[in-house]
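Sequential numbering of the sequence shown, starting at 1, is according to the numbering used here. The beta-carbon is built from N, C-alpha and C at its ideal position, and this holds for glycine as well. Small disclaimer: the values here were computed from a predicted structure and weren't measured.
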Amino acid sequence: MKAVLETPIGSVIINVKNDKITKIKLTLWEQVSGQKDKDFPSLDGWGAGQRGANKNENYYNSKTKKHFDIIYAYLFEDLPRIPKEIFDFPGETVFAKKVYETLYNTKKGSVITYKELALKSGNPKAYRAVGNLMKNNPLPIIIPCHRVIKSDGTLGKYSPDIKWKKYLLDLER
Numbered sequence: 001m002k003a004v005l006e007t008p009i010g011s012v013i014i015n016v017k018n019d020k021i022t023k024i025k026l027t028l029w030e031q032v033s034g035q036k037d038k039d040f041p042s043l044d045g046w047g048a049g050q051r052g053a054n055k056n057e058n059y060y061n062s063k064t065k066k067h068f069d070i071i072y073a074y075l076f077e078d079l080p081r082i083p084k085e086i087f088d089f090p091g092e093t094v095f096a097k098k099v100y101e102t103l104y105n106t107k108k109g110s111v112i113t114y115k116e117l118a119l120k121s122g123n124p125k126a127y128r129a130v131g132n133l134m135k136n137n138p139l140p141i142i143i144p145c146h147r148v149i150k151s152d153g154t155l156g157k158y159s160p161d162i163k164w165k166k167y168l169l170d171l172e173r
């Protein structure tokens, strides 16, 4: 099952299986429409009254509504963290699980460098491995890889697009 949350810059596609979120995909409007926005969209006025949801039975129904509402509350309201009960931590190795767990526990509105995340996860020289884990994170937003920046303070890269990283960081301010 899927739930689709519309935002000013694109869609958050939430895949749900056995009542748990298994994957989140972020798409930009320009990827769907083929049109590029000249400027980054303003977040002014984007509130609960303007949220969008695909009400198609395949994308938003009694089985996915709970997950949709939790992601919405996390992004646009005051939910500090997505509850662990609705997803399984990704990662196939002990180190990967530790990285994702450490990042999950970072405070909303804060940032951490790849190097700091590697250090806190028990392997200070593994900052490139941390970058690869962020690139392949199946649960962006829940495991907030948008909070990971380069040591020089610049944003670095972000899959699927840097516009999402800027948008998510702006939402947390």
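Inset, instruction - Could you tell me whether the stretch 4–11 touches the stretch 135–150, using the rule of 3 or more Cβ pairs below 8 Å? - result: no
Legend entry - Which listed residue (PHE87, GLU101, ILE86) has its alpha carbon closest to that of THR93: The residue labelled residue 93 in the question sits at position 93 within the sequence shown. That would be GLU101, whose Cα lies nearest to the Cα of THR93.
Inset, instruction - Go to ILE22, then tell me how far its alpha helix (DSSP H) extends in each direction, as first and last residue. - result: For the purposes of this step, residue 22 is identified with residue 22 of the sequence shown, where counting begins at 1. Inspection of the sequence shows that residue 22 is occupied by Thr rather than by Ile. It is not in any alpha helix (DSSP H) - THR22 instead sits in the beta strand (DSSP E) that spans 20–28.
Inset, instruction - Please classify ARG147: is it buried, with 16 or more other beta-carbons within 10 angstroms of its beta-carbon, or exposed? - result: Numbered from 1 along the sequence shown, position 147 holds the residue referred to as residue 147. Looking at its Cβ environment, which holds 16 or more other Cβ atoms inside 10 Å, ARG147 is buried.
Legend entry - Per-residue burial, ILE82 [other beta carbons within 10 Å of its own, 16 or more giving buried]: Start at 1 with the first residue of the sequence shown, and residue 82 comes out as number 82. Looking at its Cβ environment, which holds 16 or more other Cβ atoms inside 10 Å, ILE82 is buried.
Legend entry - Other residues of its chain near LYS135: CB distance less than 7 Å, five sequence neighbours each side excluded: Residue 135 sits at position 135 when you count from the first residue of the sequence shown. So the list reads SER159, once near-sequence residues are dropped.
Legend entry - Where the alpha helix (DSSP H) through LYS135 begins and ends: Stepping through the sequence shown from its first residue, residue 135 is reached at position 135. Start and end: 127–135.
Inset, instruction - Kindly indicate the opening and closing residues of the alpha helix (DSSP H) around LEU79. - result: In the sequence shown, the residue the question calls residue 79 occupies position 79. From DSSP, LEU79 is part of no alpha helix (DSSP H); its letter is neither H nor E.
Legend entry - Any 3 or more C-beta pairs closer than 8 Å across the stretch 115–131 and the stretch 63–72: no
Legend entry - Cutoff 8 Å; reference ASP88; Cβ partners in own chain excluding five residues on either side: For the purposes of this step, residue 88 is taken as residue 88 along the sequence shown, with counting starting at 1. Closer than 8 Å at the Cβ level, and outside the excluded window around ASP88, lie LYS20, THR22.
Inset, instruction - Can you tell me which of the three DSSP states VAL99 falls into? - result: As a first step, residue 99 is located in the sequence shown; it is residue number 99 there, counting from the start. Three-state result, VAL99: helix.
Legend entry - Cβ-based burial, SER174 [other Cβ within 10 Å; buried from 16]: The shown model of the chain, from 1 to 173, leaves out residue 174, and the question about it has no answer.
Inset, instruction - Would you check if the distance between the CB atom of HIS67 and the CB atom of VAL16 is smaller than 8 Å? - result: By 1-based counting over the sequence shown, the position of residue 67 is 67. By 1-based counting over the sequence shown, the position of residue 16 is 16. Yes, they are a contact pair.
Legend entry - Other residues of its chain near GLU85: CB distance less than 6 Å, five sequence neighbours each side excluded: The residue given as residue 85 occupies position 85 in the sequence shown. Answer for GLU85: no residue qualifies.
Inset, instruction - With DSSP collapsed to three states, give me the class of VAL111. - result: Here residue 111 is taken as the residue at index 111 of the sequence shown, counted from 1. The answer is coil: DSSP assigns VAL111 none of H, G, I, E or B.
Legend entry - Spatially closest choice to LYS107 from THR27, GLU172, LEU133, LYS2, by CA coordinates: Here residue 107 is taken as the residue at index 107 of the sequence shown, counted from 1. Nearest of THR27, GLU172, LEU133, LYS2 to LYS107, Cα basis: GLU172.
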